[in-house]
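So the sequences go chain by chain: L, D, U and B. The first sequence begins at 1 in the UniProt record's numbering and counts up by one. The second sequence begins at 1 in the UniProt record's numbering and counts up by one. The third sequence begins at 1 in the UniProt record's numbering and counts up by one. The fourth sequence begins at 1 in the UniProt record's numbering and counts up by one.
Number of protein chains: 4
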Amino acid sequence: MQQYTAKLNPEGLKSKYKEVRQHSQTICKPLEVEDYVVQPVVDISPPKWHLGHTTWFFETFILKPYSSGYVAFNEQYDYVFNSYYESLGARVVRTDRGNLSRPSVTDIYQYRAYVDRHMDSFLKSALLPLDVITVLELGLNHEQQHQELLYSDIKYILGHNPLFPVYQPDTVFIERNKTNTEFIKVQGGIYEIGFKGEGFCFDNELNRHKIYLEDYQIAVETVTNQDYLLFMLDGGYTNFKYWHSEGWEWVRQSGARAPLYWHYIDQKWMNYTLSGLHEIDPAKSVCHVNFYEAAAYAAWKGMRLPTEAEWEVASSEINWGERWEWTNSAYLPYPGFKKADGAIGEYNGKFMINQTVLRGASVATPKGHSRNTYRNFFHPHHKWQFMGIRLAR
Amino acid sequence: MQQYTAKLNPEGLKSKYKEVRQHSQTICKPLEVEDYVVQPVVDISPPKWHLGHTTWFFETFILKPYSSGYVAFNEQYDYVFNSYYESLGARVVRTDRGNLSRPSVTDIYQYRAYVDRHMDSFLKSALLPLDVITVLELGLNHEQQHQELLYSDIKYILGHNPLFPVYQPDTVFIERNKTNTEFIKVQGGIYEIGFKGEGFCFDNELNRHKIYLEDYQIAVETVTNQDYLLFMLDGGYTNFKYWHSEGWEWVRQSGARAPLYWHYIDQKWMNYTLSGLHEIDPAKSVCHVNFYEAAAYAAWKGMRLPTEAEWEVASSEINWGERWEWTNSAYLPYPGFKKADGAIGEYNGKFMINQTVLRGASVATPKGHSRNTYRNFFHPHHKWQFMGIRLAR
Amino acid sequence: MQQYTAKLNPEGLKSKYKEVRQHSQTICKPLEVEDYVVQPVVDISPPKWHLGHTTWFFETFILKPYSSGYVAFNEQYDYVFNSYYESLGARVVRTDRGNLSRPSVTDIYQYRAYVDRHMDSFLKSALLPLDVITVLELGLNHEQQHQELLYSDIKYILGHNPLFPVYQPDTVFIERNKTNTEFIKVQGGIYEIGFKGEGFCFDNELNRHKIYLEDYQIAVETVTNQDYLLFMLDGGYTNFKYWHSEGWEWVRQSGARAPLYWHYIDQKWMNYTLSGLHEIDPAKSVCHVNFYEAAAYAAWKGMRLPTEAEWEVASSEINWGERWEWTNSAYLPYPGFKKADGAIGEYNGKFMINQTVLRGASVATPKGHSRNTYRNFFHPHHKWQFMGIRLAR
Amino acid sequence: MQQYTAKLNPEGLKSKYKEVRQHSQTICKPLEVEDYVVQPVVDISPPKWHLGHTTWFFETFILKPYSSGYVAFNEQYDYVFNSYYESLGARVVRTDRGNLSRPSVTDIYQYRAYVDRHMDSFLKSALLPLDVITVLELGLNHEQQHQELLYSDIKYILGHNPLFPVYQPDTVFIERNKTNTEFIKVQGGIYEIGFKGEGFCFDNELNRHKIYLEDYQIAVETVTNQDYLLFMLDGGYTNFKYWHSEGWEWVRQSGARAPLYWHYIDQKWMNYTLSGLHEIDPAKSVCHVNFYEAAAYAAWKGMRLPTEAEWEVASSEINWGERWEWTNSAYLPYPGFKKADGAIGEYNGKFMINQTVLRGASVATPKGHSRNTYRNFFHPHHKWQFMGIRLAR
């Protein structure tokens, strides 16, 4: 896997383990038991699946191979909680996750407690070999990725219920008003992108390498709800010329006319958030748009989306962190990219086709999990993550 | 709707109401909260939906129109719990029932308590008009139909979980061994079929009318697991000549090789039941076969399935009541059949195309809900009900 | 197969063979080569396929088994022209028929000439065994069925082309004006239906058997375009209450608002016919409606469709022969029905599920191919045959 | 559209017009009428559609706007022959192209003759404005693209017919044996890619721009049939680890085990070519593999596919021109890419998502239509073009 130097000493790792593991459960605290179970569409996983799957990761890649004498909590969980690791055998097909009422939520919390107890003993035990530290750190980052998915999947589950149940009455994510409409100018030339330094990174952020950029400009802020509303009012969804061919097909088939979670009720655009339905706030960043919409918006403005290299090079001069930002870059390997051996090698490389890179981080990204070399990726039609738009020209 | 004379006096109806309503909850008692929520395939409904929908029936067709001053428990439940009544407006599409985590199970039990409380006051109130008695009796029979569905849907939900959870450790349904292989001979001539008498019947059992039958023979018992296993061992699933063209297509696409819930494990045929996986009991009636399988089995035996008229005419001389028995009759109106006006008229008539009649009753049918004129109906490929086979020739 | 006495002497059969075989080619005469090739939807077969398949029938069931020394025209045609006979091995899947540019039209006419030449020698040769006469007569009736399909498939191919090409400028089918709105009264009692007599019939018309009918009335004429237009104008396609549940679903998904081939152009309802687009003729029988539409129309009139037994019993007193008339009877075996052994046994029995019986004949039915016991059958959603509506009450 | 200086004087353009237009018809000469009509899968277009569509291009973009008094051959052809230009209104949906028997092949040749006659007069007429020259040159390049599609679509149509008809008995495309297994070394640094010079290029080849490359090696020859067979024999299609996740899914669903047109017959791998079935020639370049197969092959070799920039920079030192070569580059705009206004602007830009770049040219590419900056693009699962593999490391 990735070449890196462990940033954390064993003590640091142990406390980070507790903190990360706890955070997943904190996110789920406001849920009813029923909310843990459903899977309205294939891309969403039931919250109980996320809780089980992240636990299975530590059991499978640390306790089973390295903790001698460890007895699995339930041998059949391999089948239930494997996500996509072909090397690890059969698994529940993704579309069936929401069809399983068992293991129950109680079972899964017991599973978490069991694995955490064993991890605790194991981490205390002795000197951890480098391999274990590597996988442990990957496991914690993996769980943090699922924490963001927990937020977006919970929002999808509640936000697609006709009763619009509230996750938490208070505002869940505080966001800045966006008023700066400036663009930063970047001069063409050779730059370096990719991870550099001492901490953790995913394999897809390596190798750090040179690229050549032309002169470009990039917006300081992401596009606001107000901006996007103007696009909608100007017929953005009914004029094919702003759209990719696939995007136009998507508009036709989906009937989309607004970002996800926007509802036109009593002459007003309302927005379902984790704290319920509220009127659109014009000064906040638009959220839950897909790549087709992001690209169409940019075309309507006579501009374009930045490439991921342009984004990274300018990252210190722009405000980012509230939205995953669609780039116009396909998700492809960097020069010198190598897949790790074994199941861990299935983490990133095999998805490098037909997906698009998003840069930045979002309000739902756990603290300490973001950096300017992070390469998030989704299919262009996805919009259920906290995704937004930044313009370039 | 049906012409009938109320069998029950108001007191009888009140106590029947309590008894029927309670039974639905008794069936659900062994469930975990999570089991109430899922919908593994479109034909299955989540148990919480059954509990809500049967309650909505009384609220919609009795309390709202007849109980003055009644305030709905939640106006949005109309949208959530309407099953297929076009006259009553928009509704959650059937495939989405399992995507709704709310209303929660607790909410639904509160809904039931609320409606039952109001029904109790209402039933006590005064003389019930005939219209109300009619709908009340229909509502109770409707809930009894859903009680059978609760059993079959719960079995499907648990029986398709890779952990094979047990609903109840003790045997849920006691069944007789079948050893009698005789056939009853019935002489041709004019007979009458259809409901006659004083109690309740569905509109599809009317009018009682004459039919002409040729001489025929019909088996005293339904086909056993042992019988069916011989068909399987003789290559029944691999020889097209026993099958309808559609049935053969179904075999090819589904890959079916046995009744639903049969699993070949360690050289033995095991059967998932509500009390868990057990070895096939050869002397019990085969269960969970669809029409294609029933007809193919009969063809392999050189016989055929009875028509529904043949079944009804012989019903007093054969043993029935453990399985819904596939007939070779399409579900069509009897002479003089009339749809009731309004939403109640959508109960049966609009389904009279492309479905096949099953006669009898099953181990899961509530007591007091079966009679020899009852016309159950399903699509020919369905097998998740407690369905079996009776031969004729 | 069917029990029957050969109506035709060998000489009669020989001349009938020539006449029937010639008629298929006469129907195709107005076609361009390209028209022989396409298959716009799965139910339609390319005309060249019909010409080849009917020829293959004689080659496969007569020449190969009975004409010693016969050498197949092309061994691969078995694969290309088998329609659905499972006993005869692999075949081009139905949806692929329109994907095959070869054999060319010229090849197929040569194939026909080759088989006809050999059939001619064979028929001249000597005494024909009863088996051969039986299959020969079936083959001729089979080809006549495909002649009707040729008309309906050609109409579909040309009628779904945006250029609306004309098959033949002159009227192809002469039809009577319908003005009689009377109903015939039939008294209840025991009747017999099913084939009786000396000529040919299909196995599904046997056994002749007794049935009991209640009193009923049946219209002398089929429903006219004018009648049907009133249904359309009265919102027939937008009120669910006239429709079966499946039918309403069909309306929603198909967006249907009129019979097939009706086009609303410049404020007029136009009708594509084999002689091109013409204004609707109000006094002619409505054509190209499916079962759902037929049943909805009858419900709107407060009446119903006849059963097939009612139709047959009244057949001598009503005017029929211009439209295949939807009945409210499912396609099921008559008492005593037996499938023939071997491939011939696949002709009818295996389709006896989920299809609906049509009675009568149509303007496209070849002369000498109709009788009042004939049981045609299609799926309820089909409307590309020359299908119409007769009312009963 | 593209900035360029016309390479051809008007006389040159006129003779090029004749030559290009004639070549399309030459390709179709060996076809039967029926071969012009069919469309076995959505990606293939019927040859008669290609002949009509390329003609419609000149009629729509030159004769109608610029040749005063021009009368369209048939106004409805707009609907029939528009491929994807949203700006130009409704059109036959792509899947329906093979359902149209008319216009006939004769009609389309008349259409071509009519448009060619008018183009001839028009080109002779006077000074051509720059706009016309631009569109004319685009139209000729467009027709050349369809010439390559004619070859691949004809091969698909004949090669998927169970009779394996031969297009032309003599070898259609002469190819070199590949024996050189060397790799060229290219030193890292800044390079320029994109079109430069005076002739025609597509808009997607602009702007020429700098890129930075790391050191790399690229094979002199493309992968041979022999090479690929070793991958197959080594279980390449059964080991997920060589495949992208999507690619593995494709393997599972398609059941693919070899390149398109390979058939294992009598213990030998046979290859359908335009001259019929022949045994695989081990020294020739493998053909008809998709991106997933190309990438899996490279992974199995422990190497990778080149990027399009690596390919272009090395293009003068490698042997190319027999296969379109899959790169590991997504089809994205070059810096400064601009869409032209109007319908012409729909040519390339709107397809820049979820497609993969192929470089080079193939045996089916018309003479004069290839250059080392040409960016061909297809979806990763496509394999019916003359596509091959080149390794990099």
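Note that CB positions come from ideal geometry on N, CA and C, so glycine has one too. All values derive from a computational prediction rather than experimental measurement.
{"query": "Closer than 8 Å, Cβ to any Cβ of chain D: which residues of the stretch 235 to 248 of chain U, in chain order?", "result": "F240, K241, W243, H244, S245, E246, G247, W248"}
{"query": "Have a look at L163/B, Y297/B, V92/B, V223/B and flag the residue whose alpha-carbon is nearest the alpha-carbon of F183/B.", "result": "V223/B"}
{"query": "How about G235/U and A294/U: are their beta carbons less than 9 Å apart?", "result": "no"}
{"query": "In angstroms with no decimal places, state the Cα-to-Cα distance between V38/B and R102/B.", "result": "12 Å"}
{"query": "What are the start and end residues of the beta strand (DSSP E) that includes N376/L?", "result": "376 to 378"}
{"query": "Consult DSSP for N271/D and reduce its assignment to one of helix, strand or coil.", "result": "strand"}
{"query": "Residues of chain U with CB closer than 7 Å to the CB of Q76/B, please, in chain order.", "result": "P162, L163"}
{"query": "From the DSSP secondary-structure annotation, give me the bridge partner or partners of K339/B.", "result": "Paired residue(s): none; K339/B is not in a bridge."}
{"query": "Which residues in chain D have a C-beta closer than 8 Å to the C-beta of F195/U? List them in chain order.", "result": "Under the 8 Å cutoff, chain D gives no residues; its nearest Cβ is about 16 Å from F195/U."}
{"query": "Under the assumption that D78/D contacts L63/D (Cβ atoms under 8 Å), give the Cβ distance between them as a whole number of angstroms.", "result": "With 8 Å as the limit, D78/D and L63/D do not qualify as a contact, their Cβ atoms being about 13 Å apart."}
{"query": "Nearest chain U C-beta to T5/D closer than 9 Å, yes or no?", "result": "With a pLDDT of 41 at T5/D, under the threshold of 50, the modelled position of this residue cannot be trusted; read the value that follows with caution. False, the Cβ-Cβ gap to chain U never drops below 9 Å."}
{"query": "Distance check for I265/D and F240/B, CA to CA, integer angstroms please.", "result": "28 Å"}
{"query": "Taking 9 Å as the CB-CB cut-off, is P40/D touching chain L?", "result": "yes"}
{"query": "Can the beta-carbon of Y66/B be found less than 9 Å from the beta-carbon of P165/B?", "result": "no"}
{"query": "Output the distance between the C-alpha atoms of P380/B and Y331/L, rounded to the nearest integer angstrom.", "result": "14 Å"}
{"query": "If we define contact as Cβ-Cβ less than 9 Å, is R304/D a contact residue for chain U?", "result": "yes"}
{"query": "Name, in chain order, the residues that DSSP records as bridge partners for H209/D.", "result": "I193/D"}
{"query": "By a C-beta neighbour count over all protein chains shown, 10 Å radius and 16 as the cutoff for buried, is Q385/D buried or exposed?", "result": "buried"}
{"query": "Quick check: the Cα distance between E279/D and G368/D, rounded to an integer number of angstroms?", "result": "31 Å"}
{"query": "Mind listing the chain B neighbours of K367/L? Cutoff is C-beta to C-beta under 8 Å, in chain order.", "result": "By Cβ distance, chain B contributes nothing, its closest Cβ being about 30 Å from K367/L, past 8 Å."}
{"query": "Is the Cβ of E34/U closer than 9 Å to any Cβ of chain B?", "result": "yes"}
{"query": "Between the Cα of G302/U and those of I318/U, K383/U, L213/U, R393/U, spot the shortest distance and give me the residue it belongs to.", "result": "R393/U"}
{"query": "Given a cut-off of 9 Å on the beta-carbon distance, is the pair A296/D and F231/D in contact?", "result": "yes"}
{"query": "Please classify S15/L as buried or exposed, where buried requires at least 16 neighbouring CB atoms within 10 angstroms.", "result": "exposed"}
{"query": "Using the DSSP secondary-structure output, state which residues sit across from G360/B in a beta bridge.", "result": "W324/B"}
{"query": "Shorter than 9 Å from the beta carbon of L332/L to some beta carbon of chain B?", "result": "yes"}
{"query": "Please say whether P40/B and N99/U have beta carbons closer to each other than 9 Å?", "result": "yes"}
{"query": "In chain U, which residues lie with their C-beta within 8 Å of the C-beta of N328/D?", "result": "L332, P333"}
{"query": "Distance check for F58/U and L136/U, CA to CA, integer angstroms please.", "result": "7 Å"}
{"query": "Is there at least one Cβ from chain L nearer than 9 Å to G98/D's Cβ?", "result": "yes"}
{"query": "In or out: A283/D buried (at least 16 other Cβ within 10 Å) or exposed?", "result": "exposed"}
{"query": "Leaving out five residues before and five after G321/B in sequence, what residues of the same chain have Cβ atoms less than 7 Å from its Cβ?", "result": "G360, A361, S370"}
{"query": "In the DSSP assignment, what are the bridge partners of K241/D?", "result": "Bridge partners of K241/D: none, in fact."}
{"query": "Would you report the Cα separation of residue 394/L and K29/B, rounded to the nearest angstrom?", "result": "Beyond the ends of chain L as shown, which are 1 and 393, falls residue 394/L; an answer cannot be given."}
{"query": "For M352/B, does the three-state DSSP call read helix, strand or coil?", "result": "coil"}
{"query": "Where W56/U and E205/B are concerned, what is the direct C-alpha to C-alpha distance, given to the nearest angstrom?", "result": "55 Å"}
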